[in-house]
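Written out below as structure tokens is the structure these notes cover.
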Amino acid sequence: MDSSGARGGCVVWLTGLPSAGKSTIAEALEAVLARRGARVQRLDGDEIRTNLSRGLGFSKDDRDEQVRRVGYVARLLERHGVVAISALVSPYREARDAVRASAENFVEVYVKCSLEECIRRDVKGLYRRARGGEIANFTGISDPYEPPLHPEVVVETDRERLDDSVKKILDVLAGKGCVHG
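Read left to right, the sequence shown gives residues 0 to 180 (numbering that gives the first Met the number 0).
Below you can see the structure in the form of structure tokens.
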């Protein structure tokens with residue numbers, strides 16, 4: 000443990016339907032940890048797709064490759080004492096489980112939200128376009144989402160406040176020795 004508030008690296012993997020609130024939670028969690036002096040890095044799916052994963056589509060193979068790449072970066076950060084917060088749909092359980100198996104400290108956060116609420120929140124109109132057949136392989140509409148079987152944390156963004164969701168995650172991170180409580 001160092002004086003910054005961080006005890007060691009870990010991988011926090013937020014997964015859920017598009018527009019469930021993954022990025023919002025990741026940003027809030029990152030801000031709290033940074034204020035506490037922890038070494039933290041957020042890996043957002045949209046940002047990763049425009050940089051590290053440019054050229055990947057949304058087929059199962061491409062999505063699995065996206066998860067593999069982000070998982071690799073998250074593990075590198077973890078090894079250097081950073082709390083790596085990944086916010087990706089990552090719809091397939093097997094790909095998430097592969098990241099879990101390779102990380103030392105892995106915290107899977109299921110960002111649970113009803114499909115109806117995700118559609119209501121969708122400011123980009125992606126669900127509407129997917130329902131209209133303009134977008135193929137869209138998770139929750141034309142492609143499956145496989146919820147985690149045993150996540151360390153479940154947050155229900157259509158039922159709880161953002162602060163409560165972040166606190167649940169912080170409590171688990173403290174319990175695993177990743178950060179101070």
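Where a beta carbon is used, it is the ideal one built from N, C-alpha and C, also for glycine.
message: Between the segment 77-90 and the segment 120-137, can you find at least three pairs of beta-carbon atoms closer than 8 Å?
response: no
message: Assuming the contact rule is C-beta atoms closer than 8 Å, tyrosine 109 and proline 147 should be a hit. Round their C-beta distance to whole Å, please.
response: Against the sequence shown, residue 109 aligns to sequence position 110. Against the sequence shown, residue 147 aligns to sequence position 148. Contact holds; Cβ gap of about 5 Å.
Same chain only: Cβ atoms within 8 Å of valine 106, ignoring 5 sequence neighbours per side: Here residue 106 corresponds to residue number 107 of the sequence shown, with the count starting at 1. Cys9, Val10, Val11, Trp12, Glu151, Val152, Ile168, Val171, Leu172, Lys175, Cys177.
field: Cut-off 7 Å between Cβ atoms - residues of its own chain near isoleucine 140, not counting five sequence neighbours on either side
entry: Within the sequence shown, residue 140 is the residue found at index 141, counting from 1. So the list reads Tyr126, Ala129, Arg130, once near-sequence residues are dropped.
field: glutamate 115, enclosing alpha helix (DSSP H) - first and last residue
entry: Counting from one through the sequence shown, the residue named residue 115 turns up at place 116. Run containing glutamate 115: 114-120, per the alpha helix (DSSP H) assignment.
Entirely enclosed beta strand (DSSP E) segments - the segment 47-134, minimum 3 residues: 82-86, 105-111
task: Mind reading off the beta-carbon distance from valine 165 to leucine 28? Whole number of angstroms is fine, and I expect it under 8 Å.
output: Start at 1 with the first residue of the sequence shown, and residue 165 comes out as number 166. Start at 1 with the first residue of the sequence shown, and residue 28 comes out as number 29. 5 Å between Cβ atoms; contact.
field: Classification of glycine 124 by the beta-carbon crowding that lies within 10 angstroms, buried from 16 upward
entry: For the purposes of this step, residue 124 is taken as residue 125 along the sequence shown, with counting starting at 1. Result: exposed.
task: Can you have a look at proline 17 and say buried or exposed, based on whether 16 or more other CB atoms are within 10 angstroms of its CB?
output: Here residue 17 is taken as the residue at index 18 of the sequence shown, counted from 1. Buried: at least 16 other Cβ atoms inside 10 Å.
- request: On the DSSP bridge assignment, give the partners of cysteine 9 in chain order.
  value: Taking the first residue of the sequence shown as position 1, residue 9 is located at position 10. Bridge partners of cysteine 9: Val82.
message: Excluding the 5 residues flanking cysteine 117 on each side, which residues of the same chain have their C-beta closer than 8 Å to its C-beta?
response: Sequence index remark: in the sequence shown, residue 117 carries index 118 (1-based). Only Leu16, Pro17, Ser18, Ala19, Tyr126, Gly139 meet the Cβ criterion.
field: Backbone secondary structure at glutamate 151 - three-state DSSP
entry: The residue you call residue 151 lines up with position 152 of the sequence shown. DSSP places glutamate 151 in coil when its eight states are reduced to three.
- request: Taking leucine 87 as the reference, give the member of Leu55, Gly44, Arg158, Arg67 with the closest Cα.
  value: Your numbering for residue 87 matches position 88 in the sequence shown. Nearest C-alpha to leucine 87: Gly44.
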